[in-house]
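Protein chains: 2
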Amino acid sequence: MVEVPGSVGTTASLSLRLGQMVLAFGSLLFMTIGVRFYQFTAFCYLVTIMSLAIPWNLTLAMVDIYCVILQQPFQKPRILLAISIGDWVVSVLALASASSAASVVDILRSNESSCPPTICNRYQFAATLAFLTWFLSLSSSLFNLWLLPSLI
Amino acid sequence: MVEVPGSVGTTASLSLRLGQMVLAFGSLLFMTIGVRFYQFTAFCYLVTIMSLAIPWNLTLAMVDIYCVILQQPFQKPRILLAISIGDWVVSVLALASASSAASVVDILRSNESSCPPTICNRYQFAATLAFLTWFLSLSSSLFNLWLLPSLI
């Protein structure tokens, strides 16, 4: 059986999951603590998507831990397809929310009274972490998609 | 040889290409004619990406026409991989630009003096067409990616 590093049940996949959780959590922290993110739709959207990404990746990290401990490759094509589609949906939502937040920060920066630099930097950093979450989520999705044809 | 409808060299792929060109062109028209889009980074970004998507899809439409007329399936895995990656990059950029533009329109709408409804509707429609461009571009990319393992 072809083994694609980064596909479900491998240690690489586990690290991708943990990376996504840390990044999504960081993005949430910067976007929510001490700032009034709820004033802007794009920021509420970012908070929602990052709150979705954390439990999704936590669940799949447990699947990876189970497979790694029992030394069993993941061989269920249907579930793999569902995971791959789920990852792809999370990655699309993460990219859309990161882009929206980044462009709102860009507009806010042009008006310093409404967004002092310290606050705007936090928003910017949260958007950057969301971009990184997108990138890892997309990698997971493509690794699983690449493994799929060899399981069918 | 497996033939995936929508992959390079099929009539479905040709219609996807034409669809993307029409949508990207429409988005460009609404975003540029009679409005000062250059005031906002997100709108300049949208115009740039849509201007990139049109020649990319025009070139690939010609490849499709060539294959359809000569009744020859496209059997070059390396070029197919390059096209699939190119489609995916265009789709990611289209999604990011559409999301950015949409969130900027959302902010502008809250301040009617800076964006009268007629102008804001044009911006909104341009962002919507960009979202549709993203969707078609992603379909092309996934169809080609699905065909790839069977060519290797």
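Chains as they are written, first to last, in this note's numbering: chain A, 1428 to 1579; chain B, 1428 to 1579. Cβ coordinates follow ideal geometry from the N, Cα and C atoms, glycine included.
Cα-Cα separation between S1540/A and C1547/A, rounded to whole angstroms: Distance between the alpha carbons of S1540/A and C1547/A is about 11 Å.
Rounded C-alpha distance that separates I1496/B from S1434/B: One C-alpha to the other measures close to 16 Å.
Sub-8 Å separation of F1467/A and I1534/B beta-carbons: With respect to I1534/B, F1467/A sits close: the two C-beta atoms are nearer than 8 Å.
Assigned exposure category for Y1493/A - 16 Cβ within 10 Å defines buried: Classified as exposed, Y1493/A has fewer than 16 neighbouring CB atoms from the shown chains inside 10 Å of its CB.
Helix, strand or coil at S1577/A according to DSSP, with G and I counted as helix: Looking at S1577/A - three-state DSSP - the assignment turns out to be helix.
Element boundaries [alpha helix (DSSP H), containing P1482/A]: Start and end: T1468 to I1496.
Burial state of A1525/B, where buried means 16 or more other Cβ atoms lie within 10 Å: Per the 10 Å Cβ criterion, buried.
CB contact below 8 Å: P1576/A versus chain B: Yes, because at least one Cβ of chain B sits closer than 8 Å to the Cβ of P1576/A.
Residue burial classification, L1485/B (beta-carbon count within 10 angstroms, cutoff 16): Counting the other CB atoms within 10 Å of its CB gives L1485/B a total below 16, which places it among the exposed residues.
CB contact below 8 Å: T1459/A versus chain B: Answer no: the Cβ-Cβ gap between T1459/A and chain B never drops below 8 Å.
Q1551/A, DSSP secondary structure in three states: Q1551/A: helix per DSSP, three-state reduction.
Nearest candidate by alpha-carbon position, reference L1456/B, set S1566/B, S1527/B, T1438/B and F1552/B: If we check each option's Cα against that of L1456/B, F1552/B comes out closest.
Outcome for G1436/A when other beta-carbon atoms lying within 10 angstroms are tallied against a minimum of 16: Buried.
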